[in-house]
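Single-structure report; data block below.
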Amino acid sequence: MDSKYCSIGLTNETKNGFKRKKPTASICVKKVKLLSDSISNCLQNGHEVSKNIETHVVKKNSDDLQEARRKLPVFMVRGRLLEEIRKNNTMIIIGETGSGKTTQIPQMIHEQRLEGTGLIVVTQPRRVAAITIALRVAAEMNTEVGNIVGYSVRFEDVTSPRTKVKYLTDGMLLREAILDPLLSKYSVIILDEAHERTVSTDILFGIVKLAQKERNEKTINPLKVIVMSATMDVDTFRNYFDSCPVIYLEGRTHPVTIYHSKTKQEDYQYAAVCTIFQLHTTTPADDDFLVFLTGQEEIEAVMYNIKQIAKETTGPPIRVCPLYAGLPPAQQMQVWKETPPGTRKIVLATNIAEASVTIPRIKCVIDTGVVKERSWCSATGAERLVVRSGSQAAGWQRAGRAGRTAPGAAYRLYTAQQFNTRPLHPTPEILRCPLAPTILLLIAAGVEPSTFPLIDSPPRDSVTASLTLLKELGAIDSVENPKLTVLGRKMSSFPIDPKYSKVLLSAPEYGCLEEALSLVAVLSSENIFYTPMHKREEALKVKRKFISPTGDHITLLNVFKAFCKATLKKQWCKENYLNHRNLTYAYEVRQQLLAICQRLNLTLSSCGSATDQLLKCLLSGLFSNCAWSRSAGVAGGGARYVTGAGGAASLHPAAALHAASPPPPALLYTELLHTRRTYMITVSAIQPHWLQQVAPDYARRCRAYR
DNA sequence: GAGCACTGC
292 MDSKYCSIGL
302 TNETKNGFKR
312 KKPTASICVK
322 KVKLLSDSIS
332 NCLQNGHEVS
342 KNIETHVVKK
352 NSDDLQEARR
362 KLPVFMVRGR
372 LLEEIRKNNT
382 MIIIGETGSG
392 KTTQIPQMIH
402 EQRLEGTGLI
412 VVTQPRRVAA
422 ITIALRVAAE
432 MNTEVGNIVG
442 YSVRFEDVTS
452 PRTKVKYLTD
462 GMLLREAILD
472 PLLSKYSVII
482 LDEAHERTVS
492 TDILFGIVKL
502 AQKERNEKTI
512 NPLKVIVMSA
522 TMDVDTFRNY
532 FDSCPVIYLE
542 GRTHPVTIYH
552 SKTKQEDYQY
562 AAVCTIFQLH
572 TTTPADDDFL
582 VFLTGQEEIE
592 AVMYNIKQIA
602 KETTGPPIRV
612 CPLYAGLPPA
622 QQMQVWKETP
632 PGTRKIVLAT
642 NIAEASVTIP
652 RIKCVIDTGV
662 VKERSWCSAT
672 GAERLVVRSG
682 SQAAGWQRAG
692 RAGRTAPGAA
702 YRLYTAQQFN
712 TRPLHPTPEI
722 LRCPLAPTIL
732 LLIAAGVEPS
742 TFPLIDSPPR
752 DSVTASLTLL
762 KELGAIDSVE
772 NPKLTVLGRK
782 MSSFPIDPKY
792 SKVLLSAPEY
802 GCLEEALSLV
812 AVLSSENIFY
822 TPMHKREEAL
832 KVKRKFISPT
842 GDHITLLNVF
852 KAFCKATLKK
862 QWCKENYLNH
872 RNLTYAYEVR
882 QQLLAICQRL
892 NLTLSSCGSA
902 TDQLLKCLLS
912 GLFSNCAWSR
922 SAGVAGGGAR
932 YVTGAGGAAS
942 LHPAAALHAA
952 SPPPPALLYT
962 ELLHTRRTYM
972 ITVSAIQPHW
982 LQQVAPDYAR
992 RCRAYR
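To convert, take the position in the first sequence, counting from 1, and add 291; that gives the working numbering.
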């Protein structure tokens, strides 16, 4: 280990925090019961459950909790750790799973009152984590959540004037930074799970760095910054934070033995099925398997294969559980149900099982080594979904899922040599996503985008494309030296894509704010339709009653309106093949957006059945998402279109207008997705001359393509 | 006539 790093904790070979040493050696991953059983359940089941167990947790006898605390590795090095925190204003703490860093370090700081008159905040990339960790810490401190310990996530702020330790999502702290870029309420900011490199944490790194500097210069209360992470690219982080000290904490996990494929696998799905059955016949029936695959379709295919082969194979009975984010909650729950003794559980999961949820009792991980990744092309505005090789970090993370409860094994369906040539870390999200929302946020927080310190800077073209869009939306006054306009300031107060906040701010002009709020809420949420493979025909038949001849946007509005009117919503959703969770979420988003509109004194109005008004209003934000027909006379799905950026695109077969004949001359789409072809998703027909009326500047720029 | 990995405000 490099001598410039100090180390705290027990000594052994995993001290330096990297588990990438020997490809076939066992790695040290282990589980400390950070959370009581009820809380772990709620981690898995999501937020709804966490509310229900709150009382139970707070009342739990705190003796057990104190006992568990004292056993955590971080507790044993408490004195030295506090000394380092006292001495340094910025530091990096590398703590492996089970070190107790997230729950204990904020408490230790508070016990010593190192935060002074300010607050200690801890960011998390996921809301469920922010909530459950706050509950846990409140229980350990023998207080109710919302008192000394609180949390703040979207739609829910459980804090009070007495709160000194606050857990929140990184996105939430970022929104706070717009109103107060110096984050002056806080004296200690802990950025946890930094290795995940979400756009929000990457931006927060820069925000806290600038805040720290400015607070120093103005001699207002100093800011301590602690960056916490599991294994990560320490040198990159350390360079970024001006060579600050790095401290390593021991983790406590069970060893996981890694096996690599001896030869390259041509077909990882096939290899996965083979490996499953090889292990099935050679391992005890009570050992559960976790298989990492890329998506729903693949999971369904492998599940089918397993069931077919299982019929002709001897061996213990098998229960196969699919797990991906789009699966209805009730089916997701199957994963946590215990199987009868002598039955093997095989979980087929996407990346959701890599960090977001934890499945207990997994003994064997089968890692196909591939991930499905979304990326964005600034030139065409299209997003791409590609299956590609994962990083080494992802490989270790996946393997670690086998060592949560007991020693385990991980089978990699790629060679050790293939593993070693993979990138150490995944591409940070900020290099893969549209930048307009982030750039608007930065400008609103008073930051100069061109000099803002980022660990990884996106390509210049990408930044320029986003600045150009913001200029055309009217959010900033120039691309070269961007300053927020009055409209831009208003746009930045909405927690949504600036294209959509422009739609809401234009809505009073078109007399359709009621409808715009509903539509934007739905567009800002996940898919509201639930189409199970085996009942597709029926689902499509039921959908027909909502379909509008103008296209998908008004169809979505019709569904949302009907949902609001329905009395037994859950039942109604089931009957209509709709996703209750996502519709409820959209409903909550609408409430939040409405409150912001009221604060901005926007006139609430309805366009009734004059849906043209709503579509024109939508065009005021989505003008760059137009496409024009290039195939007069060709019927329906065969129609070819060309987008504003000049690329060819087709209507997605799931679009309401897919079969329209003749094909509409002009379209407005929500998303451009490149898979086998470039498809427009969520599409409505518009009048070609609307663009000239609604967004004349853009229309001029784009005329060449028409 | 195809299919959407995962978070978050």
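Where a beta carbon is used, it is the ideal one built from N, C-alpha and C, also for glycine.
- Between the C-alpha atoms of residue 624 and residue 581, what's the straight-line distance to the nearest angstrom? Looking up residue 624 in the first sequence gives position 333. Looking up residue 581 in the first sequence gives position 290. Distance between the alpha carbons of residue 624 and residue 581 is about 15 Å.
- Message: By the three-class DSSP mapping on this structure, what secondary structure does residue 965 have?
- Response: Mapped onto the first sequence, residue 965 falls at position 674. Three-state result, residue 965: strand.
- Query: Is it the case that the Cβ atoms of residue 572 and residue 605 are separated by a distance below 9 Å?
  - Reply: Within the first sequence, numbered from 1, the residue matching residue 572 stands at position 281. Within the first sequence, numbered from 1, the residue matching residue 605 stands at position 314. Going by C-beta atoms, residue 572 is nearer than 9 Å to residue 605.
- Query: Grouping DSSP H, G and I as helix and E and B as strand, with all else coil, what is residue 975?
  - Reply: As a working note, residue 975 is residue 684 in the first sequence. The answer is strand: DSSP assigns residue 975 an E or B state.
- Can you give the Cα-Cα distance for residue 918 and residue 985, rounded to whole angstroms? Indexing the first sequence from 1 puts residue 918 at position 627. Indexing the first sequence from 1 puts residue 985 at position 694. Rounded to whole angstroms, residue 918 to residue 985 spans 15 Å at the Cα level.
- Item | Supposed contact pair residue 458 and residue 425 - C-beta distance, whole angstroms, cut 8 Å | As a working note, residue 425 is residue 134 in the first sequence. As a working note, residue 458 is residue 167 in the first sequence. Indeed, because the Cβ distance is near 4 Å, the residues count as touching under 8 Å.
- For residue 662 and residue 687, the rounded distance between their alpha carbons: On the first sequence, residue 687 is found 396 positions in, with the first residue counted as 1. On the first sequence, residue 662 is found 371 positions in, with the first residue counted as 1. C-alpha separation (whole angstroms): 14 Å.
- Message: Taking 9 Å as the threshold (C-beta atoms), are residue 422 and residue 784 in contact?
- Response: Here the question's residue 784 lines up with position 493 in the first sequence. Here the question's residue 422 lines up with position 131 in the first sequence. In this structure, residue 422 does not lie closer than 9 Å to residue 784 by Cβ.
- Message: In the DSSP output, which residue or residues are listed as bridge partners for residue 551?
- Response: Position 260 of the first sequence, counted from the start, is the residue given in the question as residue 551. Looking at the DSSP assignment, residue 551 forms a beta bridge with 703.
- Query: Under three-state DSSP, which class holds residue 613?
  - Reply: The residue labelled residue 613 in the question sits at position 322 within the first sequence. Note: residue 613 maps to strand in three-state DSSP.
- Nearest residue (CA-CA) to residue 837, options 824, 828, 852 and 826: Within the first sequence, residue 837 is the residue found at index 546, counting from 1. For the residues 824, 828, 852 and 826, the minimum Cα distance to residue 837 belongs to 852.
- Task: Counting only runs of 3+ residues fully inside the segment 585-649, write out the beta strand (DSSP E) ranges in chain order.
- Result: 609-614 and 635-640
- Query: By the 10 Å Cβ neighbour count, where 16 or more other Cβ atoms means buried, how is residue 492 classified, buried or exposed?
  - Reply: Residue 492 sits at position 201 when you count from the first residue of the first sequence. Flag for residue 492 reads buried.
- State the start and end residues of the unbroken alpha helix (DSSP H) segment that holds residue 579. Numbered from 1 along the first sequence, position 288 holds the residue referred to as residue 579. No alpha helix (DSSP H) contains residue 579, which is instead part of the beta strand (DSSP E) from 579-583.
- Does DSSP put residue 980 in a helix, in a strand, or in coil? Here residue 980 refers to the residue found at position 689 of the first sequence. In this structure, residue 980 counts as coil in the three-state DSSP scheme.
- Message: Counting C-beta neighbours from all protein chains within 10 Å, is the total for residue 603 16 or more, i.e. buried, or is it exposed?
- Response: By one-based count along the first sequence, residue 603 stands at place 312. Its Cβ having fewer than 16 others within 10 Å, residue 603 is exposed.
- Message: According to DSSP, is residue 477 part of a helix, a strand, or is it coil?
- Response: In the first sequence, residue 477 corresponds to position 186, counting from 1. Residue state, collapsed to three classes: strand.
- What is the DSSP secondary structure of residue 780, counted as helix, strand or coil? Taking the first sequence and counting its residues from 1, the one referred to as residue 780 is at position 489. Here residue 780 sits in helix by DSSP.
- Message: Measuring straight from C-alpha to C-alpha, what distance separates residue 576 and residue 358?
- Response: Taking the first sequence and counting its residues from 1, the one referred to as residue 576 is at position 285. Taking the first sequence and counting its residues from 1, the one referred to as residue 358 is at position 67. Spanning the two alpha carbons is a distance of roughly 34 Å.
- residue 403 by DSSP, collapsed to three states: which one? Within the first sequence, numbered from 1, the residue matching residue 403 stands at position 112. Residue 403: coil per DSSP, three-state reduction.
- Task: Work out the CA separation of residue 914 and residue 982 for me, nearest whole Å.
- Result: Position 691 of the first sequence, counting from 1, holds the residue named residue 982. Position 623 of the first sequence, counting from 1, holds the residue named residue 914. About 7 Å.
- Query: Which of the three DSSP states, helix, strand or coil, is assigned to residue 519?
  - Reply: Indexing the first sequence from 1 puts residue 519 at position 228. It is a strand residue.
- Would you mind working out which of 732, 806 and 875 sits nearest residue 894, comparing C-alpha positions? Translated into the one-based positions of the first sequence, residue 894 becomes position 603. Ranking 732, 806 and 875 by Cα distance to residue 894 puts 806 first.
- Item | Cβ-Cβ separation, residue 563 to residue 657 (assumed contact under 8 Å), whole Å | If you number the first sequence from 1, residue 657 lands on position 366. If you number the first sequence from 1, residue 563 lands on position 272. Confirmed, Cβ separation roughly 6 Å.
- Work out the CA separation of residue 637 and residue 607 for me, nearest whole Å. Position 316 of the first sequence, counted from the first residue, corresponds to residue 607. Position 346 of the first sequence, counted from the first residue, corresponds to residue 637. Computed Cα separation, rounded: 12 Å.
- Going by the beta-carbon positions, is the gap between residue 495 and residue 414 smaller than 9 Å? One-based indexing of the first sequence puts residue 495 at position 204. One-based indexing of the first sequence puts residue 414 at position 123. It is a contact, given that the beta carbons lie within the stated cut-off.
- Length of the line joining the Cα atoms of residue 934 and residue 940: If you number the first sequence from 1, residue 934 lands on position 643. If you number the first sequence from 1, residue 940 lands on position 649. Cα to Cα, residue 934 sits roughly 7 Å from residue 940.
- Query: What do you reckon, are the CB atoms on residue 615 and residue 592 nearer than 9 Å?
  - Reply: Within the first sequence, numbered from 1, the residue matching residue 615 stands at position 324. Within the first sequence, numbered from 1, the residue matching residue 592 stands at position 301. Not a contact, by the Cβ cut-off of 9 Å.
- Message: Our contact map puts residue 391 next to residue 546 with C-beta atoms below 8 Å; I'd like the distance itself, whole angstroms only.
- Response: Sequence index remark: in the first sequence, residue 391 carries index 100 (1-based). Sequence index remark: in the first sequence, residue 546 carries index 255 (1-based). Actually they do not touch by this definition, with Cβ atoms about 20 Å apart.
- Message: Whole angstroms are fine: how far does the CA of residue 402 sit from the CA of residue 965?
- Response: Reading the first sequence from its first residue, position 674 is the one you call residue 965. Reading the first sequence from its first residue, position 111 is the one you call residue 402. Whole-angstrom Cα-Cα distance: 53 Å.
- Query: CA-CA distance, residue 869 and residue 862?
  - Reply: The residue given as residue 869 occupies position 578 in the first sequence. The residue given as residue 862 occupies position 571 in the first sequence. Rounded to the nearest angstrom, the two C-alpha atoms are 10 Å apart.
- Which residues share a DSSP beta bridge with residue 954? One-based indexing of the first sequence puts residue 954 at position 663. In DSSP, residue 954 forms no bridge with anything.
- Message: Along the chain, where does the alpha helix (DSSP H) containing residue 734 start, and where does it finish?
- Response: In the first sequence, counting from the first residue as 1, residue 734 sits at position 443. It spans 727-735 - the alpha helix (DSSP H) in which residue 734 sits, taken as one unbroken run.
- Task: Verify whether the separation of the beta carbon atoms of residue 716 and residue 578 is less than 9 Å.
- Result: For the purposes of this step, residue 716 is identified with residue 425 of the first sequence, where counting begins at 1. For the purposes of this step, residue 578 is identified with residue 287 of the first sequence, where counting begins at 1. No. Outside cutoff.
- Message: So the candidates are 810, 878 and 876; which of them puts its Cα closest to the Cα of residue 250?
- Response: The structure shown does not extend to residue 250, since the chain is modelled only from 292 through 997, so no value can be given for it.
- Message: Quick check on the burial criterion: 16 or more other C-beta atoms within 10 angstroms. Buried or exposed for residue 454?
- Response: Here residue 454 is taken as the residue at index 163 of the first sequence, counted from 1. By the 10 Å Cβ count, residue 454 comes out buried.
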